[in-house]
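Note that the sequence shown covers residues 1 to 346 in my numbering.
We put the CB at the ideal spot given by N, CA and C, even for glycine.
Because the structure is a prediction, the values reported are computed rather than measured.
The structure appears below as C-alpha coordinates.
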Amino acid sequence: MPDMITIPVFIIALLLLALLVYYFITLTYSLKDREEKIIELQSSYDQMQRSFNELDEQAKLIVKTDLELNKAQEELDKRLNGLNALQRTSRNISQAMNEEQVFEKLNSATFEDLGYSKTLIVINDEHKHPRARMNLGFDGQKLPRIIDALMHENTLKSALDEGLTLSSMNASRKAKESMQQILELDNCILAPIVTQTGTLGFLCVGNRQAGLNITQADEELISILAGQIGQSIENTQLFDKVFRSSQELEVKVKERTKQLASALSQVEEINRKKTEFISAVSHELRTPLTSIKGYAAILLAGKIGDIPTAVKERLAKINLHSDNLVNLINNLLDIARIESGRVDMT
1 MPDMITIPVF IIALLLLALL VYYFITLTYS LKDREEKIIE LQSSYDQMQR
51 SFNELDEQAK LIVKTDLELN KAQEELDKRL NGLNALQRTS RNISQAMNEE
101 QVFEKLNSAT FEDLGYSKTL IVINDEHKHP RARMNLGFDG QKLPRIIDAL
151 MHENTLKSAL DEGLTLSSMN ASRKAKESMQ QILELDNCIL APIVTQTGTL
201 GFLCVGNRQA GLNITQADEE LISILAGQIG QSIENTQLFD KVFRSSQELE
251 VKVKERTKQL ASALSQVEEI NRKKTEFISA VSHELRTPLT SIKGYAAILL
301 AGKIGDIPTA VKERLAKINL HSDNLVNLIN NLLDIARIES GRVDMT
(Lines of atoms letter the chains of each structure in order from A; the text may use other names.)
(Lines give C-alpha, C1' and ligand atoms only; values in the text may rest on other atoms or scores of the structure.)
Protein backbone atom coordinates (compact mmCIF):
# COMPACT_ATOMS: atom_id res chain seq x y z
CA MET A 1 0.00 0.00 0.00
CA PRO A 2 2.66 2.49 0.84
CA ASP A 3 4.42 1.63 -2.36
CA MET A 4 1.27 2.28 -4.31
CA ILE A 5 0.95 5.71 -2.66
CA THR A 6 4.57 6.52 -3.22
CA ILE A 7 4.42 5.88 -6.93
CA PRO A 8 1.68 8.44 -7.67
CA VAL A 9 3.42 11.01 -5.51
CA PHE A 10 6.57 10.38 -7.44
CA ILE A 11 4.67 10.73 -10.68
CA ILE A 12 3.06 13.90 -9.43
CA ALA A 13 6.44 15.21 -8.41
CA LEU A 14 7.78 14.40 -11.84
CA LEU A 15 4.84 16.14 -13.40
CA LEU A 16 5.30 19.14 -11.18
CA LEU A 17 8.97 19.14 -11.99
CA ALA A 18 8.17 18.94 -15.70
CA LEU A 19 5.71 21.77 -15.30
CA LEU A 20 8.31 23.80 -13.47
CA VAL A 21 10.87 23.06 -16.17
CA TYR A 22 8.34 24.00 -18.87
CA TYR A 23 7.37 27.13 -17.00
CA PHE A 24 11.00 27.98 -16.50
CA ILE A 25 11.79 27.36 -20.18
CA THR A 26 8.74 29.36 -21.23
CA LEU A 27 9.65 32.11 -18.81
CA THR A 28 13.21 32.08 -20.10
CA TYR A 29 12.08 32.44 -23.70
CA SER A 30 9.57 35.08 -22.67
CA LEU A 31 12.25 37.03 -20.84
CA LYS A 32 14.55 36.65 -23.81
CA ASP A 33 11.86 37.98 -26.14
CA ARG A 34 11.23 40.86 -23.76
CA GLU A 35 14.93 41.61 -23.54
CA GLU A 36 15.16 41.63 -27.34
CA LYS A 37 12.14 43.87 -27.51
CA ILE A 38 13.62 46.10 -24.82
CA ILE A 39 16.88 46.23 -26.77
CA GLU A 40 14.97 46.96 -29.96
CA LEU A 41 12.92 49.63 -28.21
CA GLN A 42 16.06 51.07 -26.66
CA SER A 43 17.65 51.21 -30.11
CA SER A 44 14.56 52.92 -31.50
CA TYR A 45 14.58 55.31 -28.56
CA ASP A 46 18.24 56.09 -29.06
CA GLN A 47 17.63 56.69 -32.76
CA MET A 48 14.67 58.92 -31.98
CA GLN A 49 16.78 60.73 -29.39
CA ARG A 50 19.51 61.30 -31.95
CA SER A 51 16.95 62.51 -34.48
CA PHE A 52 15.45 64.80 -31.88
CA ASN A 53 18.88 66.15 -31.01
CA GLU A 54 19.61 66.72 -34.70
CA LEU A 55 16.27 68.47 -35.11
CA ASP A 56 16.99 70.52 -32.01
CA GLU A 57 20.39 71.53 -33.36
CA GLN A 58 18.84 72.39 -36.71
CA ALA A 59 16.13 74.41 -34.96
CA LYS A 60 18.76 76.25 -32.94
CA LEU A 61 20.75 76.86 -36.13
CA ILE A 62 17.62 78.12 -37.88
CA VAL A 63 16.82 80.45 -34.97
CA LYS A 64 20.43 81.65 -34.87
CA THR A 65 20.47 82.19 -38.63
CA ASP A 66 17.15 84.01 -38.44
CA LEU A 67 18.47 86.28 -35.68
CA GLU A 68 21.62 86.93 -37.69
CA LEU A 69 19.55 87.67 -40.78
CA ASN A 70 17.33 90.03 -38.81
CA LYS A 71 20.39 91.73 -37.38
CA ALA A 72 21.95 91.94 -40.83
CA GLN A 73 18.68 93.34 -42.21
CA GLU A 74 18.57 95.91 -39.42
CA GLU A 75 22.18 96.87 -40.14
CA LEU A 76 21.39 97.07 -43.85
CA ASP A 77 18.31 99.22 -43.22
CA LYS A 78 20.36 101.43 -40.91
CA ARG A 79 23.10 101.70 -43.54
CA LEU A 80 20.59 102.57 -46.27
CA ASN A 81 18.90 105.18 -44.07
CA GLY A 82 22.31 106.59 -43.24
CA LEU A 83 23.32 106.72 -46.90
CA ASN A 84 20.04 108.42 -47.84
CA ALA A 85 20.46 110.95 -45.04
CA LEU A 86 24.08 111.51 -46.07
CA GLN A 87 23.06 112.04 -49.71
CA ARG A 88 20.36 114.56 -48.77
CA THR A 89 22.70 116.39 -46.42
CA SER A 90 25.53 116.51 -48.95
CA ARG A 91 23.19 117.86 -51.62
CA ASN A 92 21.83 120.52 -49.27
CA ILE A 93 25.12 121.79 -47.88
CA SER A 94 26.74 121.78 -51.33
CA GLN A 95 24.20 124.45 -52.35
CA ALA A 96 25.21 126.77 -49.50
CA MET A 97 26.52 130.16 -50.60
CA ASN A 98 28.27 131.00 -47.32
CA GLU A 99 29.47 129.27 -44.16
CA GLU A 100 26.39 130.21 -42.14
CA GLN A 101 24.12 128.47 -44.65
CA VAL A 102 26.17 125.27 -44.34
CA PHE A 103 25.21 124.95 -40.67
CA GLU A 104 21.65 126.16 -41.28
CA LYS A 105 21.14 123.21 -43.62
CA LEU A 106 22.52 120.78 -41.01
CA ASN A 107 19.63 120.08 -38.63
CA SER A 108 18.71 117.57 -35.92
CA ALA A 109 16.72 115.44 -38.39
CA THR A 110 19.90 114.74 -40.34
CA PHE A 111 21.67 113.18 -37.35
CA GLU A 112 18.53 111.48 -36.05
CA ASP A 113 18.27 109.72 -39.41
CA LEU A 114 21.89 108.68 -38.93
CA GLY A 115 20.97 107.30 -35.51
CA TYR A 116 22.57 109.78 -33.08
CA SER A 117 21.01 111.71 -30.23
CA LYS A 118 23.90 114.12 -29.67
CA THR A 119 25.94 116.13 -32.17
CA LEU A 120 28.69 118.71 -31.80
CA ILE A 121 30.45 120.58 -34.63
CA VAL A 122 33.41 122.79 -33.74
CA ILE A 123 35.13 125.05 -36.31
CA ASN A 124 38.21 127.23 -35.80
CA ASP A 125 37.52 130.91 -36.45
CA GLU A 126 39.83 133.30 -38.32
CA HIS A 127 41.94 133.62 -35.16
CA LYS A 128 42.27 129.82 -34.83
CA HIS A 129 39.98 129.74 -31.79
CA PRO A 130 37.58 126.76 -31.63
CA ARG A 131 33.95 127.80 -31.88
CA ALA A 132 30.87 125.58 -31.53
CA ARG A 133 28.84 125.98 -34.73
CA MET A 134 26.28 123.26 -33.95
CA ASN A 135 25.18 121.71 -30.65
CA LEU A 136 22.45 119.09 -30.39
CA GLY A 137 21.92 117.44 -27.02
CA PHE A 138 25.00 118.65 -25.12
CA ASP A 139 24.70 120.80 -22.00
CA GLY A 140 25.44 124.37 -23.06
CA GLN A 141 27.09 125.19 -19.74
CA LYS A 142 29.46 122.23 -20.05
CA LEU A 143 30.21 122.90 -23.72
CA PRO A 144 33.30 125.16 -23.21
CA ARG A 145 34.84 122.54 -20.91
CA ILE A 146 34.09 119.75 -23.39
CA ILE A 147 35.64 121.64 -26.32
CA ASP A 148 38.69 122.64 -24.29
CA ALA A 149 39.21 119.06 -23.08
CA LEU A 150 38.89 117.61 -26.60
CA MET A 151 41.33 120.16 -28.02
CA HIS A 152 43.94 119.59 -25.30
CA GLU A 153 43.78 115.83 -24.78
CA ASN A 154 47.03 114.75 -26.47
CA THR A 155 45.79 111.47 -27.97
CA LEU A 156 42.63 112.98 -29.42
CA LYS A 157 44.36 116.18 -30.61
CA SER A 158 47.09 114.19 -32.38
CA ALA A 159 44.53 112.02 -34.14
CA LEU A 160 42.53 115.07 -35.28
CA ASP A 161 45.66 116.86 -36.51
CA GLU A 162 46.57 113.75 -38.52
CA GLY A 163 43.07 113.58 -40.04
CA LEU A 164 42.15 110.30 -38.28
CA THR A 165 38.62 109.36 -37.23
CA LEU A 166 38.24 107.90 -33.73
CA SER A 167 35.29 105.97 -32.32
CA SER A 168 34.39 103.94 -29.28
CA MET A 169 34.76 100.88 -31.53
CA ASN A 170 38.29 101.21 -32.92
CA ALA A 171 40.05 103.72 -30.67
CA SER A 172 42.73 102.67 -28.24
CA ARG A 173 41.70 102.05 -24.69
CA LYS A 174 43.13 105.38 -23.52
CA ALA A 175 41.50 107.36 -26.35
CA LYS A 176 38.18 105.56 -25.87
CA GLU A 177 38.13 106.24 -22.13
CA SER A 178 39.07 109.88 -22.73
CA MET A 179 36.25 110.38 -25.25
CA GLN A 180 33.66 108.66 -23.08
CA GLN A 181 34.69 110.64 -20.02
CA ILE A 182 34.84 114.02 -21.77
CA LEU A 183 31.66 113.58 -23.82
CA GLU A 184 29.78 111.53 -21.20
CA LEU A 185 28.72 109.12 -23.96
CA ASP A 186 28.94 105.33 -24.13
CA ASN A 187 29.16 105.27 -27.93
CA CYS A 188 30.69 108.11 -29.91
CA ILE A 189 32.59 109.05 -33.07
CA LEU A 190 35.07 111.91 -33.39
CA ALA A 191 35.89 112.87 -37.00
CA PRO A 192 38.15 115.74 -38.16
CA ILE A 193 36.82 118.36 -40.58
CA VAL A 194 39.69 118.73 -43.02
CA THR A 195 40.30 121.18 -45.88
CA GLN A 196 43.26 121.66 -48.19
CA THR A 197 44.76 124.10 -45.73
CA GLY A 198 44.59 121.65 -42.80
CA THR A 199 42.24 120.57 -40.01
CA LEU A 200 39.46 123.13 -39.68
CA GLY A 201 37.65 121.54 -36.71
CA PHE A 202 35.83 118.33 -35.80
CA LEU A 203 32.45 116.59 -35.88
CA CYS A 204 31.38 114.58 -32.84
CA VAL A 205 28.27 112.34 -32.64
CA GLY A 206 27.13 109.72 -30.16
CA ASN A 207 24.54 108.06 -27.94
CA ARG A 208 24.30 107.40 -24.21
CA GLN A 209 22.60 104.02 -24.67
CA ALA A 210 25.09 101.17 -24.28
CA GLY A 211 23.11 98.91 -26.62
CA LEU A 212 23.53 101.16 -29.68
CA ASN A 213 27.04 100.06 -30.57
CA ILE A 214 29.11 101.89 -33.17
CA THR A 215 29.94 99.91 -36.32
CA GLN A 216 32.54 100.30 -39.04
CA ALA A 217 29.79 101.52 -41.38
CA ASP A 218 28.77 104.23 -38.86
CA GLU A 219 32.35 105.41 -38.62
CA GLU A 220 32.70 105.55 -42.41
CA LEU A 221 29.46 107.54 -42.81
CA ILE A 222 30.44 110.13 -40.20
CA SER A 223 33.92 110.40 -41.71
CA ILE A 224 32.38 111.03 -45.14
CA LEU A 225 29.96 113.60 -43.69
CA ALA A 226 32.81 115.43 -41.95
CA GLY A 227 34.65 115.51 -45.27
CA GLN A 228 31.57 116.90 -47.01
CA ILE A 229 31.22 119.62 -44.37
CA GLY A 230 34.87 120.57 -44.81
CA GLN A 231 34.53 120.65 -48.59
CA SER A 232 31.35 122.76 -48.42
CA ILE A 233 32.98 125.26 -46.04
CA GLU A 234 36.02 125.44 -48.32
CA ASN A 235 33.76 125.97 -51.35
CA THR A 236 31.90 128.79 -49.60
CA GLN A 237 35.21 130.40 -48.65
CA LEU A 238 36.41 130.16 -52.25
CA PHE A 239 33.07 131.52 -53.49
CA ASP A 240 33.26 134.38 -51.01
CA LYS A 241 36.84 135.08 -52.08
CA VAL A 242 35.87 135.04 -55.76
CA PHE A 243 32.82 137.20 -55.06
CA ARG A 244 34.87 139.77 -53.15
CA SER A 245 37.53 139.69 -55.88
CA SER A 246 34.78 140.21 -58.45
CA GLN A 247 33.44 143.17 -56.50
CA GLU A 248 36.91 144.64 -56.12
CA LEU A 249 37.53 144.10 -59.82
CA GLU A 250 34.21 145.74 -60.64
CA VAL A 251 35.13 148.76 -58.51
CA LYS A 252 38.54 148.93 -60.16
CA VAL A 253 36.95 148.65 -63.61
CA LYS A 254 34.56 151.48 -62.78
CA GLU A 255 37.40 153.60 -61.45
CA ARG A 256 39.53 152.79 -64.50
CA THR A 257 36.60 153.50 -66.81
CA LYS A 258 36.10 156.81 -65.08
CA GLN A 259 39.80 157.56 -65.45
CA LEU A 260 39.71 156.57 -69.11
CA ALA A 261 36.62 158.70 -69.68
CA SER A 262 38.38 161.62 -68.03
CA ALA A 263 41.51 160.97 -70.11
CA LEU A 264 39.40 160.69 -73.26
CA SER A 265 37.72 163.97 -72.41
CA GLN A 266 41.12 165.54 -71.94
CA VAL A 267 42.32 164.06 -75.23
CA GLU A 268 39.24 165.38 -76.99
CA GLU A 269 39.83 168.79 -75.44
CA ILE A 270 43.46 168.68 -76.54
CA ASN A 271 42.40 167.61 -80.03
CA ARG A 272 39.88 170.46 -80.14
CA LYS A 273 42.49 172.96 -79.05
CA LYS A 274 44.99 171.44 -81.49
CA THR A 275 42.45 171.80 -84.31
CA GLU A 276 41.71 175.37 -83.32
CA PHE A 277 45.42 176.09 -83.12
CA ILE A 278 46.10 174.54 -86.54
CA SER A 279 43.18 176.45 -88.02
CA ALA A 280 44.32 179.71 -86.48
CA VAL A 281 47.96 179.21 -87.43
CA SER A 282 47.00 178.16 -90.94
CA HIS A 283 44.93 181.30 -91.44
CA GLU A 284 47.67 183.44 -89.95
CA LEU A 285 50.26 181.85 -92.28
CA ARG A 286 48.07 182.02 -95.38
CA THR A 287 47.79 185.84 -95.33
CA PRO A 288 51.56 186.61 -95.37
CA LEU A 289 52.20 183.78 -97.82
CA THR A 290 49.61 185.25 -100.16
CA SER A 291 51.38 188.62 -99.96
CA ILE A 292 54.81 187.05 -100.52
CA LYS A 293 53.52 185.07 -103.48
CA GLY A 294 51.82 188.19 -104.95
CA TYR A 295 54.94 190.33 -104.65
CA ALA A 296 57.08 187.57 -106.13
CA ALA A 297 54.70 187.24 -109.08
CA ILE A 298 54.76 191.02 -109.67
CA LEU A 299 58.56 191.07 -109.63
CA LEU A 300 58.78 188.07 -111.98
CA ALA A 301 56.33 189.73 -114.37
CA GLY A 302 58.67 192.81 -114.57
CA LYS A 303 55.89 195.19 -113.68
CA ILE A 304 58.18 197.28 -111.54
CA GLY A 305 61.16 197.04 -113.81
CA ASP A 306 63.67 194.62 -115.13
CA ILE A 307 65.43 192.40 -112.65
CA PRO A 308 68.58 190.37 -113.07
CA THR A 309 68.46 186.72 -114.01
CA ALA A 310 69.88 185.61 -110.69
CA VAL A 311 67.11 187.50 -108.91
CA LYS A 312 64.49 185.93 -111.20
CA GLU A 313 65.73 182.46 -110.25
CA ARG A 314 65.45 183.24 -106.59
CA LEU A 315 62.02 184.81 -107.05
CA ALA A 316 60.92 181.65 -108.91
CA LYS A 317 62.07 179.56 -105.94
CA ILE A 318 60.18 181.90 -103.58
CA ASN A 319 57.06 181.49 -105.71
CA LEU A 320 57.46 177.66 -105.83
CA HIS A 321 58.01 177.34 -102.10
CA SER A 322 55.11 179.68 -101.46
CA ASP A 323 52.86 177.35 -103.49
CA ASN A 324 54.15 174.37 -101.51
CA LEU A 325 53.47 176.13 -98.22
CA VAL A 326 49.98 177.10 -99.39
CA ASN A 327 49.25 173.48 -100.29
CA LEU A 328 50.58 172.35 -96.91
CA ILE A 329 48.43 174.91 -95.13
CA ASN A 330 45.38 173.82 -97.14
CA ASN A 331 46.05 170.19 -96.15
CA LEU A 332 46.33 171.18 -92.47
CA LEU A 333 43.04 173.05 -92.73
CA ASP A 334 41.39 170.01 -94.37
CA ILE A 335 42.67 167.76 -91.55
CA ALA A 336 41.39 170.23 -88.96
CA ARG A 337 37.96 170.30 -90.65
CA ILE A 338 37.87 166.46 -90.77
CA GLU A 339 38.82 166.11 -87.09
CA SER A 340 36.24 168.68 -86.08
CA GLY A 341 33.58 166.85 -88.07
CA ARG A 342 32.87 169.70 -90.38
CA VAL A 343 33.94 167.63 -93.41
CA ASP A 344 32.77 164.07 -94.12
CA MET A 345 35.46 161.70 -95.38
CA THR A 346 32.98 160.05 -97.74
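| Asked | Found |
| --- | --- |
| R244 - containing alpha helix (DSSP H), residue span | 216–301 |
| Which listed residue (S94, M97, A85, E99) has its alpha carbon closest to that of S108 | A85 |
| Three-state secondary structure (DSSP) of A171 | coil |
| Beta-carbon gap between G201 and P130 smaller than 8 Å | yes |
| M134 - DSSP class collapsed to helix/strand/coil | strand |
| Helix, strand or coil at I350 [DSSP, three-state] | It is not possible to answer for residue 350, since the shown part of the chain is limited to 1 through 346. |
| Proximity of N98 and T236 at Cβ, strictly below 8 Å | yes |
| Buried or exposed (CB count within 10 angstroms, at least 16 for buried), T110 | buried |
| Within 8 Å, strictly: CB atoms of N187 and I222 | no |
| Supposed close pair K118, G206 - CB separation, criterion 8 Å | 5 Å |
| Segment contact flag, the region 245–258 with the region 286–296, C-beta cutoff 8 Å, min 3 pairs | no |
| Expected contact under 8 Å - CB spacing of I93 and S232 to nearest Å | 4 Å |
| Cα-Cα separation between C204 and S51, rounded to whole angstroms | 54 Å |
| Buried/exposed call for E45, threshold 16 Cβ in 10 Å | Here residue 45 turns out to be Tyr, not Glu, going by the sequence shown. With fewer than 16 other Cβ atoms within 10 Å, it is exposed. |
| Assigned secondary structure, E96 (DSSP; H/G/I helix, E/B strand, else coil) | At residue 96 the sequence reads Ala, which differs from the Glu that was named. A96: coil per DSSP, three-state reduction. |
| Endpoints, alpha helix (DSSP H) assigned at L203 | Where L203 is concerned, there is no enclosing alpha helix (DSSP H), although the beta strand (DSSP E) it sits in stretches over 198–207. |
| DSSP three-state assignment for T309, whether helix, strand or coil | helix |
| Residue range of the beta strand (DSSP E) that includes L106 | Neither: L106 is in no beta strand (DSSP E) and is coded neither H nor E. |
| Distance CB(L333)-CB(S291) smaller than 8 Å | no |
| Contact belief for I146 with L183 at Cβ below 8 Å, rounded distance in angstroms | 7 Å |
| C-beta contact flag for T275 and A316 at 8 Å | no |
| Closest Cα partner of I224 within the set I39, R244, L83 | L83 |
| Cβ shell of N81 (< 7 Å), same chain only, five flanking positions each side left out | D113 |
| The beta strand (DSSP E) enclosing L190, as first and last residue numbers | 187–195 |
| Environment of E219 [buried if 16+ CB atoms lie within 10 Å] | buried |
| Burial state of R133, where buried means 16 or more other Cβ atoms lie within 10 Å | buried |
| Distance between beta carbons of T199 and G163, contact taken as under 8 Å | 7 Å |
| Under 8 Å between C-beta atoms of A159 and L150 | no |
| I123 in three-state terms, based on DSSP | strand |
| Three-way DSSP call (helix, strand, coil) for K142 in this model | coil |
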